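In this text, residue positions in the sequence shown follow the UniProt record's numbering: the first is 1, and each later residue adds one.
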Amino acid sequence: MRPTVWDVSATTIKPCHTTTQDFFVVAKGMMERIEKRWLALNQSIFVVAMILNPYECLERFGDMAGLNAFNLNTEVVALYRRIRSRPRPTPRPEGENERAEKAVSVAFMHYLGGTGDFLSWKEHKASFQELHPDEPSLMWAQMKTCKGVSELANFAMLLLDLVVNQASNERSFSDLKIKKTVLRNRLGTKKLEKMSKVGASIRTENLAAGIPRYADAVEGGDDEDDARPSKAEEEDTDNDLDSDTGDDTASPAAAATKAKAPPKLFPRSLKLLFGGVVKKPVGRPRRGQFTWEVLMMELLAAEESDEDPDDGALSGSGDEFEP
């Protein structure tokens with residue numbers, strides 16, 4: 001008798017048995033994939049944002065991380081300089097950048113040491129966290145009233161409010177596609193970077209001032225003259241289009257006289273950052289025990305609620321939680 005499909009399947013398919021060694025192999029492979037993606041990220045933003053979380057600070061990092069007040073202060077000031085270096089339509093006053101960086105550096109040292117304006121925070125941290133467990137920005141919002149901490153408070157609130165996604169990158173690619181055309185093929189990367197930052201700064205200021213976007217104005221039925229978008233970005237492009245010659249190269253003499261930069265703290269692997277002895281380890285929540293009684297109680301609660309039944313289940317049939 002010729003074997004059927006079911007006979008062949010019964011002889012070829014074997015049950016899958018997993019051992020403890022298999023779990024270790026899978027865990028090692030997953031860690032390698034996570035480390036590979038972590039290496040491609042802008043690590044300083046994530047680490048500084050975690051440190052500026054007043055509920056965490058340095059308690060989540062292990063003793064292998066090699067973090068101290070001095071190398072972290074260098075990274076915070078460098079990141080602050082990068083974010084603040086975005087060009088604006090109106091120039092800043094003379095010496096404002098140096099004054100702001102110095103204020104951020106001093107305030108960050110007080111924040112790590114729990115001194116100065118942060119002295120009372122160490123005493124009331126537990127009670128404040130109990131009342132507001134998921135809102136660390138409230139502490140920085142209060143610190144904005146302190147004169148010496150206002151710059152660091154605004155910077156911390158900016159980092160804590162960041163949403164990690166790729167929408168901004170996709171928007172930047174579309175914006176560069178419009179700027180870098182066949183007629184503008186002489187534009188260098190430095191010029192394109194400046195144009196993109198100026199345009200983003202203009203959009204941010206317009207949004208903060210309550211100026212509607214063109215699409216919103218058209219849908220709202222406003223006047224066409226009031227809904228006209230800003231042309232500052234295009235004027236900046238036309239003024240400096242002919243003067244751009246591409247990337248700038250520093251002379252060897254200037255490079256030799258330049259002060260030696262401190263060693264970079266990042267990139268750094270997750271194993272180094274969170275390995276070793278951790279002062280405040282991450283606790284694992286216990287798995288809930290599901291029994292027949294618990295499932296029946298969930299069924300009764302679902303019958304009383306207004307939730308839609310699962311696929312293939314009829315309302316009131318009791319098929320949602322069939323074992």
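Just so it is clear, CB atoms sit at the ideal spot from N, CA and C, and this is done for glycine as well.
Since we're looking at a predicted model, the values are computed, not measured.
| Query | Result |
| --- | --- |
| Backbone CA spacing between residue 56 and residue 48 [nearest angstrom] | 11 Å |
| Residue 51 burial status per 10 Å Cβ neighbour count (16 or more: buried) | buried |
| DSSP-derived helix/strand/coil call for residue 278 | strand |
| DSSP bridge partner residues for residue 62 (one or two, in chain order) | 278 |
| Given 8 Å, three or more beta-carbon pairs between the segment 85-99 and the segment 296-306 | no |
| 4-residue-minimum alpha helix (DSSP H) runs that sit fully inside the segment 94-166, ordered along the chain | 96-113, 119-131, 137-143 and 150-160 |
| Outcome for residue 256 when other beta-carbon atoms lying within 10 angstroms are tallied against a minimum of 16 | Any reading at residue 256 needs caution, since the residue's pLDDT is 47, under 50, leaving its predicted position unreliable; the model's value is listed next. It counts as exposed. |
| Residue 269 in three-state terms, based on DSSP | coil |
| Residue 85 in three-state terms, based on DSSP | coil |
| Whole-angstrom distance between residue 183 and residue 136, CA atom to CA atom | 49 Å |
| From 201, 37 and 69, residue whose alpha carbon lies closest to that of residue 90 | 201 |
| Span of the alpha helix (DSSP H) around residue 67 | Run containing residue 67: none; DSSP gives neither H nor E here. |
| Straight-line Cα distance separating residue 118 from residue 111 | 6 Å |
| CB contact below 8 Å: residue 204 versus chain C | Of the protein chains in this structure there is only one, and it is not chain C. |
| Distance, residue 199 Cα to residue 171 Cα | 12 Å |
| Cα-Cα separation, residue 34 to residue 45 | 17 Å |
| Cut-off 8 Å between Cβ atoms - residues of its own chain near residue 74, not counting five sequence neighbours on either side | 262 and 265 |
| Three-state secondary structure (DSSP) of residue 304 | helix |
| Touch test, the segment 59-69 against the segment 271-280, Cβ-Cβ under 8 Å, three pairs minimum | yes |
| Residue 294, buried or exposed, once every other Cβ within 10 Å from all chains shown has been counted against 16 | exposed |
| Counted within 10 angstroms of its Cβ, other Cβ atoms place residue 328 as buried (16 or more) or exposed | For residue 328 there is no data in the structure shown, the boundaries of the chain being 1 and 323. |
| Rounded separation between residue 189 and residue 203 - CA only | 21 Å |
| Where the alpha helix (DSSP H) containing residue 199 begins and where it ends | 189-208 |
| Among 120, 159 and 146, nearest to residue 82 - alpha-carbon criterion | 159 |
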